[in-house]
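The block underneath contains the structure these notes are about, expressed in structure tokens.
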Amino acid sequence: MGCGKSRVGKALSQCIDIPYVDLDSFIEQQEKTAIKSIFKSKGELFFRKIERQYLEQLLTQKEPIILSLGGGTPCYYDSMDYIVDANAISIYLKANLTTLSDRLFLEKDERPLISHLQTQEELTEFIGKHLFERLPFYGKANHMLSVDTDSPELLALKIKDLV
77 MGCGKSRVGK
87 ALSQCIDIPY
97 VDLDSFIEQQ
107 EKTAIKSIFK
117 SKGELFFRKI
127 ERQYLEQLLT
137 QKEPIILSLG
147 GGTPCYYDSM
157 DYIVDANAIS
167 IYLKANLTTL
177 SDRLFLEKDE
187 RPLISHLQTQ
197 EELTEFIGKH
207 LFERLPFYGK
217 ANHMLSVDTD
227 SPELLALKIK
237 DLV
């Protein structure tokens, strides 16, 4: 959440000429509604269930894709293990707490999990707690890249060299 997955994914797609898919956007297209609306009307558990179904659908298609996941995706059900077992190349884009807080505070109203937070301090605490909880899942990725200082284009080149 907030580490630049979409921007890096798009840059990588242009760099290596493989289609880019954002899982959240894909879900919105398939469900014909915004994720924010899904959270509000059906709850997070319903969202996580369909998120997993669409993840499986995308990972089992024959054509290669660059897929960016929501920050919580690897942490629900056995999704990260599924990604590993699918022989997908996974990359954890690691941003420090300050970077994440600064980026997310500007767009918090569009993100269902953080829209209720009033101050940047509350947001920073929320992010820190979630990073701590999610790190064991993120740590299963094949690679880790720090995203605090590099542009999406430079990160795409670094990823190209990794894979």
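Residue numbering for the sequence shown follows my numbering, beginning at 77 and increasing consecutively.
The beta-carbon is built from N, C-alpha and C at its ideal position, and this holds for glycine as well.
Terminal residues of the continuous beta strand (DSSP E) containing residue i?
i: Tyr96; result: Tyr96 to Asp98
i: Leu145; result: Careful: Leu145 lies outside any beta strand (DSSP E) and carries neither H nor E.
i: Leu169; result: Ile167 to Lys170
Please look up how many angstroms separate the CB atoms of residue i and residue j, rounded, as I've assumed it's under 8 Å.
i: Leu169; j: Leu221; result: 6 Å
i: Leu135; j: Ala162; result: 5 Å
i: Ser113; j: Asp98; result: With 8 Å as the limit, Ser113 and Asp98 do not qualify as a contact, their Cβ atoms being about 17 Å apart.
Taking its Cβ as the centre, do 16 or more other Cβ atoms sit within 10 Å of residue i, making it buried, or is it exposed?
i: Asp154; result: exposed
i: Thr149; result: buried
i: Ser227; result: exposed
i: Asp185; result: exposed
i: Ser101; result: exposed
Quick one: give me the first and last residue of the alpha helix (DSSP H) that residue i is part of.
i: Gly220; result: The residue asked about is misnamed: residue 220 is Met in this sequence, not Gly. Not the alpha helix (DSSP H): Met220 falls in the beta strand (DSSP E), residues His219 to Ser222.
Given a cut-off of 8 Å on the beta-carbon distance, is the pair residue i and residue j in contact?
i: Tyr152; j: Arg179; result: no
i: Ile167; j: His206; result: no
i: Met156; j: Lys118; result: no
i: Gly85; j: Ala171; result: no
i: Ile126; j: Glu107; result: yes
i: Gln194; j: Phe181; result: no
Original post:
Using 8 Å as the threshold, is the stretch 86-93 in touch with the stretch 224-238, meaning 3 or more CB pairs across them?
Top reply: yes
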